[in-house]
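Enquirer:
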Amino acid sequence: MRMQTSTIVQTLRWVVVTMLIVGLFGLSENLSLLDTTWAQGTDDDSTPSDGPSAGDSDESGAATGGAAGGGSSVKPKPTIDRTLLQSLMESRWIGLLLFLLSVASIALIVEHSLTIRKGILMPDELIDQVDQLIQNGQLSESQEVCQDPNNVCLFSNVVLAGLERFQGSEFGFAEYTAAVEEAGEHQTGVLYRKTEVLGVIGAIAPMLGLTGTVLGMIKAFNTIASTQGTAKPHELAGGISQALVTTLMGLMVAIPCMVAFSYFRNRIDSIIAEAGKRVEQVLMPLGRRK
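Everything in the sequence shown is counted per my numbering, starting at 482 for the first residue and increasing by one.
So this is what it looks like as structure tokens:
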């Protein structure tokens, strides 16, 4: 279990480093695009309008002539359906970070569902075996069973701490309880720290969505500035869509993470409470060995 936890922590560190690198490159790219759009808007404001050009006159004349001659209707442009994924990809690094966070949260939820279980942290077979050995006074054998790599779990670590204190101290019968409490607190902290990543993802995902909202609105307002306030709805739809989609994706990532975080915390509390009772029952014969 310790090896699995260390492997998961190392993997998460690489994921965080990757997201930071992608975020920095994406932020610089977005800033450069915003600067370019703002510069274009400034150039358009400084260019005077000398009136309609010849091409515009020809187009207006042709349109008037066509309307007067045959009254032919203009064919409407075909509509293009945009998926949520396409809108998310247009948000660039914000969308990529939210996608990575969603993958990491799913992996963590699956891993916690498999490892934070009573059958994994407190195997009934191991409890019965250690209980029988201690009842028979075979403390060395019970200690070897707890040290077996195949039996490493919450229960074995706590019981092993009590057995080592009992056998290693002259007054072990009076001190093993403190060792058991310290080991239990340590194991509880280990389990809590495993779930902290879900809490962090649930906290920063809405912030990333809000960042995408701000960038999308900046993009929309820069479009208005570059067109001197004559922007058409389809020209503003890209920035507004980015703002709404990133907010939605941030909430879609954060809500399941917070629910899973609360659920696993409650499960840990329940398992720890039951483990304390079982460990106390198993080690009860040590208090009578003076």
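Ideal Cβ positions, reconstructed from N, Cα and C, are used throughout, including at glycine.
Note that the structure is predicted; figures quoted are calculated from it, not measured.
For Arg646, count neighbouring C-beta atoms within 10 Å of its own C-beta (all shown protein chains included) and say buried if the count is 16 or more, exposed if not.
Expert: Classification for Arg646: buried.
Enquirer: Inspect the beta-carbon positions of Phe742 and Gly683 and report whether they are closer than 9 angstroms.
Expert: In contact: Phe742 and Gly683 (Cβ atoms closer than 9 angstroms).
Enquirer: Excluding five sequence neighbours on each side, which residues of the same chain lie with their C-beta closer than 6 angstroms to the C-beta of Ile590?
Expert: Cβ neighbours of Ile590 beyond the five flanking positions: Ala741.
Enquirer: Let me know the secondary structure DSSP gives Ser650 once reduced to three states.
Expert: Of the three classes helix, strand and coil, the one that applies to Ser650 here is coil, per DSSP.
Enquirer: In or out: Asp624 buried (at least 16 other Cβ within 10 Å) or exposed?
Expert: For the record, residue 624 in the displayed sequence is Gln; it is not Asp. Under this definition Gln624 is a buried residue.
Enquirer: Considering only the beta carbon of each residue, do Leu641 and Ile753 sit closer than 9 angstroms?
Expert: Contact: no.
Enquirer: Let's test the definition: count the other Cβ atoms within 10 Å of the Cβ of Met765 and tell me whether it reaches 16, buried, or not, exposed.
Expert: Its Cβ having fewer than 16 others within 10 Å, Met765 is exposed.
Enquirer: Just the C-alpha distance for Val592 and Met739, rounded to the nearest angstrom, thanks.
Expert: For clarity, residue 592 is Glu in the given sequence; the question names Val instead. Rounded to whole angstroms, Glu592 to Met739 spans 16 angstroms at the Cα level.
Enquirer: Among Ile587, Arg598, Gly576, which one has its Cα closest to the Cα of Leu679?
Expert: When each option's Cα is compared against that of Leu679, the closest is Ile587.
Enquirer: What's the C-alpha gap between Gln521 and Gly720?
Expert: Confidence is the limiting factor: at Gln521 the pLDDT is only 46, short of 50, which leaves the residue's position unreliable and the question unanswerable from this model.
Enquirer: By the three-class DSSP mapping on this structure, what secondary structure does Gly600 have?
Expert: The answer is helix: DSSP assigns Gly600 an H, G or I state.
Enquirer: In whole angstroms, give me the CA-to-CA distance for Lys700 and Ser594.
Expert: Near 42 angstroms, if we compare the C-alpha coordinates of Ser594 and Lys700.
Enquirer: If I measure Cβ to Cβ from Leu725 and keep anything under 6 angstroms in the same chain, skipping five residues before and after, which residues do I get?
Expert: None.
Enquirer: Might you give, ordered along the chain, the residues of its own chain that have their beta carbon closer than 8 angstroms to the beta carbon of Met603, omitting 5 neighbours on each side?
Expert: Closer than 8 angstroms at the Cβ level, and outside the excluded window around Met603, lie Cys634, Leu635, Phe636, Ile752, Glu755, Ala756, Arg759.
Enquirer: Given a threshold of 16 other Cβ atoms within 10 Å of its Cβ, counted over all protein chains shown, does Arg573 qualify as buried or as exposed?
Expert: Buried.
Enquirer: Three-state secondary structure (DSSP) at Leu514?
Expert: Low confidence applies here, because Leu514 scores a pLDDT of 45, under 50, leaving its location unreliable; read the following figure in that light. In the structure shown, Leu514 sits in a helix (DSSP, three-state: H, G or I).
Enquirer: Between the beta-carbon of Leu579 and the beta-carbon of Thr727, is there less than 9 angstroms?
Expert: Their beta carbons are under 9 angstroms apart, which means Leu579 touches Thr727 by this criterion.
Enquirer: Have a look at Leu691, Ala659, Thr676, Ala706 and flag the residue whose alpha-carbon is nearest the alpha-carbon of Ile749.
Expert: Comparing Cα positions, the closest option is Thr676.
Enquirer: Residues in its own chain within less than 6 angstroms of Glu656 by CB, not counting five upstream and five downstream?
Expert: So the qualifying residues of the chain are Arg646, Ser650.
Enquirer: Measuring alpha carbon to alpha carbon, tell me which of Arg746, Val661, Asn747, Gly693 ends up nearest Leu732.
Expert: The option with the nearest alpha carbon to Leu732 is Gly693.
Enquirer: Under a Cβ-count criterion, where at least 16 other Cβ atoms within 10 Å of its own Cβ denotes burial, should Gln616 be classed as buried or exposed?
Expert: Gln616 is exposed by the Cβ-count criterion.
Enquirer: Taking 8 angstroms as the limit between beta carbons, can you name the residues of its chain near Glu622, skipping five residues before and five after?
Expert: Leu614.
Enquirer: Enumerate in chain order the residues of its own chain whose CB-to-CB distance from Arg746 is below 8 angstroms, with the five nearest sequence positions on each side excluded.
Expert: The answer, listed in chain order, is Tyr673, Thr676.
Enquirer: Suppose the cutoff is 7 angstroms on Cβ atoms and the five residues either side in sequence are ignored; what does the same chain contact list for Gln668 look like?
Expert: Answer for Gln668: Leu635, Asn638, Val639, listed in chain order.
Enquirer: How far does the alpha helix (DSSP H) with Asp800 in it reach, from first residue to last?
Expert: Residue 800 lies beyond the range of the chain shown here (482 to 771); nothing can be said about it.
Enquirer: Do you know offhand how far Val775's Cα is from Gln648's?
Expert: Only positions 482 to 771 of the chain appear in this structure, which leaves residue 775 out of reach.
Enquirer: For Leu607 and Asn632, I'd like the C-alpha separation in whole angstroms.
Expert: When rounded, the distance between both Cα atoms is 7 angstroms.
Enquirer: Take the Cβ of Val661 as the centre, count every other Cβ of all protein chains shown within 10 Å, and call the residue buried at 16 or more, exposed below.
Expert: Per the 10 Å Cβ criterion, buried.
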